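Per our numbering, residue 223 is the first one in the sequence shown, and the count goes up by one each step.
Scroll down for the structure; my scribbles are underneath it.
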Amino acid sequence: MVRLIVLSNPRMAQAFVDYMATLNVTIDIRYQQQQVELWLADDASEQLAHQELGKFLHNPNDPRYLAASWQSGRSDANITYRRTDTLATLRNQAGPLTFIVIAACVIVYLLMQLFGDDALMEILAYPADSSQYIQIWRWVTHAFLHFSLIHILFNLVWWWYLSGPLEKRLGTGKLLEITLLSAILSGYGQAVFSGHLFGGLSGVVYALMGYCWLSGERAPERGISLQRSLMVFAIVWLVAGYFDAFGILGMSVANVAHLGGLVVGLALAWWDTRPSKRS
């Protein structure tokens with residue numbers, strides 16, 4: 223048997239299983255804590271299963287999947303749902319690094335409200351010159367600086383949405399790699415363009431967007447993806463920033479950090495999904 227993917231939504235998993243049954247491909251469902259594993263019974267159908275899985279992940283709401291459930295005669299009664307409290311659900315949907323970054327951003331933001339932006343910028347901002355290069359934390363901690371409630375909420379919602387599933391599926395080490403590289407490189411690009419006075423997690427968020435989207439396109443069996451519509455939204459947001467569309471709202475956007483993070487995420491995803499790596 224071949225394990226195809228791990229999903230967190232049992233209804234979604236059942237829809238794919240029912241659809242594959244209409245193609246005479248048998249897939250078993252196994253429940254592991256709060257996740258659902260899909261196992262292919264016949265190895266000879268592996269190529270077909272991966273092809274169809276990729277299509278399914280790109281558009282799981284396609285009517286053909288719902289129709290397959292009706293055709294198979296299945297209902298939600300066949301699906302095991304587990305009742306859990308909210309905190310347990312949150313813990314199961316993300317790993318330690320996801321929570322650590324959220325906590326760090328919140329704590330820094332609260333300290334900025336208490337002591338002022340300048341006080342925290344003096345300690346955590348990107349290196350202002352070569353004399354600060356040895357303060358290695360600065361290459362990353364600029365990502366924890368946020369200058370408004372909208373700023374931090376926007377970034378943390380996206381961070382949670384993207385980093386949680388990635389960390390659970392690919393591990394804390396992979397999320398740490400993406401976070402550090404994107405923070406350092408996107409920060410460097412922004413510093414060259416506008417100086418060291420900037421901050422925010424958005425460069426890392428864009429890296430995660432690029433990584434999840436391209437990984438889903440090239441290797442859906444890894445179990446992480448980003449809907450194309452959301453990727454289009456990210457690109458539109460990026461382009462709008464370059465045209466200063468948010469200036470009328472009093473928002474200053476770190477456009478180079480966004481672009482740099484996106485490039486880092488795409489490059490890492492391409493490297494991790496190259497044929498030799500997948501084999």
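Here a beta-carbon is modelled for each residue, glycine too, at the ideal position from N, C-alpha and C.
In this text, all values refer to a predicted model and were calculated from it rather than measured experimentally.
Note to self: Report the CB separation of residue 381 from residue 427 in whole angstroms; it is logged as a contact under 8 Å.
What the structure shows: As a first step, residue 381 is located in the sequence shown; it is residue number 159 there, counting from the start. As a first step, residue 427 is located in the sequence shown; it is residue number 205 there, counting from the start. Contact holds; Cβ gap of about 6 Å.
Next item on the list: Note down the Cα distance separating residue 333 from residue 366, rounded to an integer number of angstroms.
Entry: Along the sequence shown, one-based indexing puts residue 333 at 111. Along the sequence shown, one-based indexing puts residue 366 at 144. Straight-line measurement puts the Cα of residue 366 at about 11 Å from the Cα of residue 333.
Margin query: Does residue 432 pass the burial test, meaning 16 or more other C-beta atoms within 10 Å, or should it be called exposed?
Written below: To locate residue 432, count along the sequence shown from 1; it is residue 210. The residue is buried, with at least 16 neighbouring Cβ atoms inside 10 Å.
Next item on the list: Spell out the partners DSSP gives residue 253 in its beta bridges.
Entry: As a first step, residue 253 must be located in the sequence shown, where it is residue number 31. DSSP lists 258 as partners of residue 253.
Next item on the list: Provide the residue span of the alpha helix (DSSP H) that contains residue 226, from first to last.
Entry: Position 4 of the sequence shown holds residue 226. No alpha helix (DSSP H) contains residue 226, which is instead part of the beta strand (DSSP E) from 224-229.
Notebook entry, point to check: Taking C-beta to C-beta, are residue 387 and residue 446 nearer than 7 Å?
Noted result: Position 165 of the sequence shown, counted from the first residue, corresponds to residue 387. Position 224 of the sequence shown, counted from the first residue, corresponds to residue 446. Taking 7 Å as the Cβ cut-off, residue 387 and residue 446 qualify as a contacting pair.
Check: From residue 372 to residue 271, what does the alpha carbon distance come to, in whole angstroms?
Finding: In the sequence shown, residue 372 corresponds to position 150, counting from 1. In the sequence shown, residue 271 corresponds to position 49, counting from 1. When only Cα atoms are considered, residue 372 and residue 271 end up about 42 Å apart.
Notebook entry, point to check: Which same chain residues, not among the five before or five after residue 349, have their C-beta less than 8 Å away from its C-beta?
Noted result: Numbered from its first residue, the sequence shown carries residue 349 at position 127. Hits under 8 Å: 355, 357, 360, 361, 413, 418.
Check: Straight-line CA distance for residue 471 to residue 463?
Finding: As a working mapping, residue 471 is identified with position 249 in the sequence shown. As a working mapping, residue 463 is identified with position 241 in the sequence shown. Residue confidence is low: residue 471 scores 46 on pLDDT, short of 50, so the model does not pin down where it sits. No coordinate-derived value is stated.
Next item on the list: Report the rounded CA-to-CA distance for residue 257 versus residue 391, giving the unit in angstroms.
Entry: Taking the sequence shown and counting its residues from 1, the one referred to as residue 257 is at position 35. Taking the sequence shown and counting its residues from 1, the one referred to as residue 391 is at position 169. Straight-line measurement puts the Cα of residue 391 at about 11 Å from the Cα of residue 257.
Note to self: Do residue 242 and residue 282 count as a contact pair if the criterion is CB distance below 7 Å?
What the structure shows: On the sequence shown, residue 282 is found 60 positions in, with the first residue counted as 1. On the sequence shown, residue 242 is found 20 positions in, with the first residue counted as 1. In this structure, residue 242 does not lie closer than 7 Å to residue 282 by Cβ.
Notebook entry, point to check: Buried or exposed: which applies to residue 444, given that a residue is buried once 16 or more other Cβ atoms fall within 10 Å of its Cβ?
Noted result: Start at 1 with the first residue of the sequence shown, and residue 444 comes out as number 222. Around the beta carbon of residue 444, 16 or more other beta carbons lie within 10 angstroms, which makes this residue buried.
Margin query: Spatial neighbours of residue 407 within its chain, please: C-beta separation below 7 Å, excluding the five flanking residues on both sides.
Written below: On the sequence shown, position 185 is the one that residue 407 refers to. Here the set comprises 482, 486.
Note to self: Which residue wins for smallest C-alpha separation from residue 420, given the options 440, 246, 475, 289?
What the structure shows: As a working mapping, residue 420 is identified with position 198 in the sequence shown. Looking at the Cα atoms, 475 is the closest of the given residues.
Note to self: According to DSSP, simplified to helix, strand and coil, what is residue 484?
What the structure shows: Translated into positions along the sequence shown, residue 484 becomes position 262. In the structure shown, the three-state DSSP call for residue 484 is helix.
Check: Thinking C-alpha only, which one of 374, 279, 224, 267 is nearest residue 251?
Finding: Your numbering for residue 251 matches position 29 in the sequence shown. It is 224.
Margin query: With a threshold of 7 Å on Cβ separation, who are the neighbours of residue 276 within its own chain once the five nearest residues in sequence on each side are excluded?
Written below: Here residue 276 refers to the residue found at position 54 of the sequence shown. Contacts found: 442.
Notebook entry, point to check: residue 419 lies in the alpha helix (DSSP H); which residues open and close that run?
Noted result: Residue 419 sits at position 197 when you count from the first residue of the sequence shown. No alpha helix (DSSP H) holds residue 419; DSSP gives it neither H nor E.
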